[in-house]
Amino acid sequence: MKNDEAAIEENEILAEDFSSWLMKTRDMLMNNSGAEVPCGSCRACCTSSHFIHIKPEEKQTLKVIDRRLLFDAPGLPKGNVLLGYSKNGHCPMFADNKCSIYTSRPFTCKNYDCRIYVAAGIDVDYDPKGLITKQIKLWKFNYITKDSRELHLAVQQAAKFIKENPELFPNETIPQRAGELAILAIKVYEVFFDADIRCKIEPKSIPNKEIAKRIVELSKRFEKQN
Ligand code: SF4
Ligand code: SF4
Numbered sequence: 019m020k021n022d023e024a025a026i027e028e029n030e031i032l033a034e035d036f037s038s039w040l041m042k043t044r045d046m047l048m049n050n051s052g053a054e055v056p057c058g059s060c061r062a063c064c065t066s067s068h069f070i071h072i073k074p075e076e077k078q079t080l081k082v083i084d085r086r087l088l089f090d091a092p093g094l095p096k097g098n099v100l101l102g103y104s105k106n107g108h109c110p111m112f113a114d115n116k117c118s119i120y121t122s123r124p125f126t127c128k129n130y131d132c133r134i135y136v137a138a139g140i141d142v143d144y145d146p147k148g149l150i151t152k153q154i155k156l157w158k159f160n161y162i163t164k165d166s167r168e169l170h171l172a173v174q175q176a177a178k179f180i181k182e183n184p185e186l187f188p189n190e191t192i193p194q195r196a197g198e199l200a201i202l203a204i205k206v207y208e209v210f211f212d213a214d215i216r217c218k219i220e221p222k223s224i225p226n227k228e229i230a231k232r233i234v235e236l237s238k239r240f241e242k243q244n
């Protein structure tokens with residue numbers, strides 16, 4: 019299929035070829051290696067009243083943040099903390115329109131890529147200022163090959179299936195947040211994509227219970243590869 023990069027409108031931003039983006043994102047999720055997002059002038063992540071989770075093993079990050087800005091993360095083991103935000107919704111480490119601790123920023127920030135919502139075809143669930151939603155609307159994936167487009171449809175179908183069939187999943191595997199749902203869909207898209215024929219599949223003949231079982235298995239397999 020012809021590269022449709024030319025279809026990008028003036029008010030859109032090229033999000034990358036979907037297939038390359040998907041593989042890189044899965045690799046990033048497996049290795050916690052950080053996302054490469056061409057954010058341009060967008061600063062929505064740092065200014066949208068988000069609590070940033072920091073794990074106890076993030077020693078360098080914890081070293082550069084004043085302890086008084088952190089508090090224990092509810093429901094998580096001791097040592098997990100949250101970085102809050104100021105009255106205007108800005109992260110306290112945001113200064114002069116940039117992250118003041120960029121090289122030591124938390125993994126939550128390093129790994130954040132708002133394109134996951136576009137990939138999964140779902141809306142952000144917490145965006146009080148609407149800044150992330152605005153940015154998401156600008157992204158447009160392109161599809162260098164036919165299977166690139168099929169892969170995108172498979173990720174969207176996975177997200178839709180999980181969202182519409184929560185009762186089929188054991189409690190602990192149901193994503194609570196939109197971002198978690200998008201990430202799960204990225205991990206398990208293969209349930210809706212036939213790798214041999216490089217094509218999205220419509221598992222109409224497979225009972226929903228079986229599809230849910232495959233999603234859970236694929237998700238566990240993905241986590242084991244970490
Ligand atoms: S919302 Fe997206 S584009 Fe904007 S800063 Fe965050 S990751 Fe970058
Ligand atoms: S730590 Fe840095 S990258 Fe993360 S939200 Fe704060 S200012 Fe942004």
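Here our numbering is used: the first residue of the sequence shown is 19, the next is one more, and so on. Ideal Cβ positions, reconstructed from N, Cα and C, are used throughout, including at glycine.
Less than 7 Å separating the Cβ of I150 from some heavy atom of ligand 1? One-based indexing of the sequence shown puts residue 150 at position 132. Checking the Cβ of I150 against ligand 1 gives yes.
Let me check one thing: in DSSP terms, what residues is K158 bridge-paired to? Residue 158 sits at position 140 when you count from the first residue of the sequence shown. The beta-bridge partner set that DSSP reports for K158 consists of L32.
Mind listing which residues have their beta carbon within less than 5 Å of any non-hydrogen atom of ligand 2? Chain order is fine. C64, C109, M111, F112, C117, R123, C127
Identity of the residues DSSP links to A113 by a beta bridge: As a working note, residue 113 is residue 95 in the sequence shown. DSSP output for A113 lists K116 as bridge partner(s).
Inter-residue Cα distance where the pair is E228 and K164: Counting from one through the sequence shown, the residue named residue 228 turns up at place 210. Counting from one through the sequence shown, the residue named residue 164 turns up at place 146. Each residue's Cα considered, the two are about 27 Å apart.
Considering only heavy atoms of ligand 1, does any lie closer than 7 Å to the CB of R7? This structure cannot speak to residue 7, because the chain is shown only from 19 to 244.
For the beta strand (DSSP E) containing I201, name the first residue and the last one. Along the sequence shown, one-based indexing puts residue 201 at 183. I201 -> not in any beta strand (DSSP E); alpha helix (DSSP H) instead, spanning 196-206.
Reduced DSSP category for F69 - H, G, I as helix; E, B as strand; rest coil: Taking the first residue of the sequence shown as 1, we reach residue 69 at position 51. Here F69 sits in coil by DSSP.
According to the neighbour-count rule (16 or more other Cβ atoms, all chains shown, within 10 Å of its Cβ), is G93 buried or exposed? Walking along the sequence shown from the start, residue 93 turns up at place 75. So G93 counts as exposed.
Give me, in chain order, the residues of the same chain whose beta-carbon lies closer than 6 Å to that of F187; leave out the 5 immediate sequence neighbours on both sides. Within the sequence shown, numbered from 1, the residue matching residue 187 stands at position 169. Closer than 6 Å at the Cβ level, and outside the excluded window around F187, lie A230.
Proximity to I180 [Cα-Cα], best of I224, D131, V234, G107: Taking the first residue of the sequence shown as position 1, residue 180 is located at position 162. Out of I224, D131, V234, G107, V234 has the C-alpha closest to the C-alpha of I180.
I need the boundaries of the beta strand (DSSP E) containing V99, first residue and last residue. In the sequence shown, the residue the question calls residue 99 occupies position 81. V99 -> beta strand (DSSP E) spans 99-101.
Leaving out five residues before and five after N244 in sequence, what residues of the same chain have Cβ atoms less than 6 Å from its Cβ? On the sequence shown, residue 244 is found 226 positions in, with the first residue counted as 1. Same-chain partners within the cutoff: M48.
Where the beta strand (DSSP E) containing F179 begins and where it ends: As a first step, residue 179 is located in the sequence shown; it is residue number 161 there, counting from the start. It is not in any beta strand (DSSP E) - F179 instead sits in the alpha helix (DSSP H) that spans 164-182.
I134 versus C63, I201, P56, residue with shortest Cα-Cα distance: One-based indexing of the sequence shown puts residue 134 at position 116. Considering only alpha carbons, the answer is I201.
Can we count D131 as close to ligand 1, meaning its CB is less than 7 Å from some heavy atom? Counted from its first residue, the sequence shown places residue 131 at position 113. For ligand 1, at least one heavy atom lies less than 7 Å from the Cβ of D131.
DSSP three-state call for F187: helix, strand or coil? In the sequence shown, residue 187 corresponds to position 169, counting from 1. Residue state, collapsed to three classes: coil.
Go ahead and label T121 buried or exposed: buried means 16 or more other beta carbons lie within 10 angstroms of its beta carbon, across all protein chains shown. Within the sequence shown, numbered from 1, the residue matching residue 121 stands at position 103. Exposed, because fewer than 16 other Cβ atoms sit within 10 Å of the Cβ of T121.
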